[in-house]
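Right, one structure below, let's go through it.
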Amino acid sequence: MFLLLSLIIKLIITFTNCEEEKHSHRHYDGFKLFRAFLSNKSHLVELKNITRSINMSDENNIQIWKVHSQPGMPAEIFSGPKSERKLLNFFDEKQILYSTLIEDFGL
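Mapped onto mature numbering (1 follows the signal peptide of the UniProt record, and there is no 0), the consecutive letters of the sequence shown carry residue numbers -18 to -1, 1 to 89.
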């Protein structure tokens, strides 16, 4: 009897932990990874500034994943769907060439 009760309690705890874990994961539907070619050092400074500004105002933020200090080298930027338009506007305003490496992290 004790063994059966112990097994039932373990199953309940395992099931509860699985349910909590399922709901604690962040979903990345609509998140994208961009590669941008920063042609001068001011682009890097401005990218960091716009990233900081967007992160203060949006739930879905922007993260700079990879960046080089030398102009002309690619930077990789991860963007949430709510921040994407602001990031693309920044690229267009500064005439920064970019491409989309990953269209949707949620897939």
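Yeah, the Cβ is synthetic: ideal placement off N, Cα and C, and Gly gets one too.
Residues near residue i by beta carbon distance below 8 Å, same chain, minus five either side
i            : result
aspartate 74 : none
Pairwise C-alpha distance: residue j and residue i
i          : j                : result
serine 21  : phenylalanine 60 : 19 Å
leucine 26 : aspartate 86     : 25 Å
leucine 29 : serine 35        : 10 Å
Segment limits, beta strand (DSSP E) that includes residue i
i             : result
glutamate 58  : 56 to 61
isoleucine 32 : Not the beta strand (DSSP E): isoleucine 32 falls in the alpha helix (DSSP H), residues 23 to 39.
lysine 14     : 14 to 19
7 Å CB neighbourhood of residue i in its chain, flanking five on each side removed
i            : result
threonine 82 : Lys14 and Phe16
Classification of residue i by the beta-carbon crowding that lies within 10 angstroms, buried from 16 upward
i          : result
serine 51  : exposed
leucine 69 : buried
6 Å CB neighbourhood of residue i in its chain, flanking five on each side removed
i          : result
leucine 79 : Phe19
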